[in-house]
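**Student:** Below is a structure I'd like to ask you about.
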Amino acid sequence: MIFHVLTIFPEFFEGPFAHGVVKRAKDAGLLDIRIHNLRDWTSDRHRTVDDRPFGGAEGMVLKAEPIFLAVESIWPERKPDQKVVLLSAQGRMFDQATANRLSGEAELLLICGRYEGVDERVAEHLADEEISIGNYVLSGGELAAAVVVDTVARLLPGVLGNQSSAAFESFQDTGHGEGLLDCPHWTRPADFRGWKAPEVLLNGNHEEIRRFRKRTALEKTARLRPDLMK
Ligand code: SAM
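Per numbering that gives the first Met the number 0, the very first residue in the sequence shown carries number 0; after that it's consecutive.
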């Protein structure tokens, strides 16, 4: 899968994709992440990407033209499985189901807003969808884009060493019930400062372990995320 990120801060992404699962997947050629500087699609001396909002208001707005030009030059003939996502506090809430759906696309192009946001014509006439990562306002779409890339990347075939591990995580079919939280985990030492790992996990009885994990996944979901119990 190819991810494109359109941003005025390309250097921002030197960090998020340079570690762990995403880096290994990139190195293995399982995915490709291309960072594009929005200023490359400006034509004036100052490489201007923003302007004042019509109607008068605080702040600046990212202009439509460089964003349209960027997408049209990255994909001169856009295909149905090349999707444009506008990161926006006003978008639909990003969740695991959205990540699963997006992981089926061939290419995603993520537009990172800044300032007061992006000229509305981008949402109306260019983006396939607007996505928010939560009910709060970030300073820019870059952190949100990194969240989307990371979440979608780990769902791609071969990215996680053990193919079943993405399926058994929280919000997926955890094997204890679809859409629940994952069960809690412990590792060595079995006794840490007097807090003991559950005995049942140490006894090697797979059926008992399975039942224990199912029960604790349900308990934890009920306690922390009762909204998922439906
Ligand atoms: N004026 C906008 C509003 O009130 O909805 C906020 C603009 S915000 C300061 C600048 C950019 O950050 C947005 O264009 C968007 O790309 C990004 N952003 C902010 N919050 C976000 C969120 N919760 N999810 C995704 N992107 C977000």
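Glycine included, every Cβ here is placed at the ideal spot set by N, Cα and C.
Does DSSP put T6 in a helix, a strand or coil?
**Tutor:** Correct three-state label for T6: strand.
**Student:** Relative to the alpha-carbon of R33, which residue among W40, R23, F16 and T41 has its alpha-carbon at the smallest distance?
**Tutor:** The residue with the shortest Cα to Cα distance from R33 is F16.
**Student:** Within 10 angstroms of the Cβ of V20, are there 16 or more other Cβ atoms? Answer buried if so, exposed if not.
**Tutor:** By the neighbour-count rule (16 or more Cβ atoms within 10 Å), V20 is not buried but exposed.
**Student:** Specify, as a first and last residue, the run of the alpha helix (DSSP H) that H205 falls within.
**Tutor:** Here the alpha helix (DSSP H) through H205 covers H205 to L223.
**Student:** If we call anything under 8 Å between Cβ atoms a contact, is R212 one with C182?
**Tutor:** For R212 and C182, yes; Cβs fall inside 8 Å.
**Student:** Nearest to T150 by alpha carbon, out of F93, V121, G176 and N36?
**Tutor:** When only C-alpha atoms are compared, the closest one is F93.
**Student:** Can you find the residues in the same chain that come closer than 7 Å, C-beta to C-beta, to L154, ignoring five residues on each side of it along the sequence?
**Tutor:** Hits under 7 Å: A98, N99, S102 and A165.
**Student:** So for L101, helix, strand or coil by DSSP?
**Tutor:** Here L101 sits in helix by DSSP.
**Student:** In terms of DSSP beta bridges, what is V60 paired with?
**Tutor:** According to DSSP, V60 bridges with D50.
**Student:** Does DSSP classify V158 as helix, strand or coil?
**Tutor:** Reduced to three states, the DSSP call for V158 is coil.
**Student:** What did DSSP end up calling K195 once you bin it into helix, strand or coil?
**Tutor:** Three-state DSSP puts K195 in a strand.
**Student:** Would you call the segment 20 to 29 in contact with the segment 125 to 144, where contact means no fewer than 3 C-beta pairs closer than 8 Å?
**Tutor:** The segment 20 to 29, when compared against the segment 125 to 144, does not touch it at the 8 Å Cβ threshold.
**Student:** By the DSSP assignment, the beta strand (DSSP E) with R23 in it spans what residues?
**Tutor:** From DSSP, R23 is part of no beta strand (DSSP E) but of the alpha helix (DSSP H) over G19 to D26.
**Student:** Of the choices D31, G58, L29 and A63, whose alpha-carbon is the least far from that of W40?
**Tutor:** The option with the nearest alpha carbon to W40 is A63.
**Student:** Which first and last residues belong to the alpha helix (DSSP H) in which H124 is found?
**Tutor:** Per DSSP, H124 belongs to the alpha helix (DSSP H) from E119 to H124.
**Student:** Closest by CA to G140, which one among E76, E115, C111 and T220?
**Tutor:** The candidate whose alpha carbon is nearest that of G140 is C111.
**Student:** If you reduce the DSSP assignment to three classes, tell me which class S164 lands in.
**Tutor:** Three-state DSSP puts S164 in a helix.
**Student:** Could you check whether the Cβ of G133 sits closer than 8 Å to any Cβ belonging to chain B?
**Tutor:** Judged by its chain identifiers, the structure shown contains no chain B, having just a single protein chain.
**Student:** Check whether the segment 116 to 129 touches the segment 67 to 87, taking contact to mean three or more Cβ pairs, one atom from each stretch, closer than 8 Å.
**Tutor:** Taking 8 Å as the limit for Cβ pairs, the verdict is that the segment 67 to 87 does touch the segment 116 to 129.
**Student:** Hey, would you say L142 sits closer than 8 Å to F67, going by beta carbons?
**Tutor:** For L142 and F67, no; Cβs fall outside 8 Å.
**Student:** Does DSSP classify L227 as helix, strand or coil?
**Tutor:** Of the three classes helix, strand and coil, the one that applies to L227 here is helix, per DSSP.
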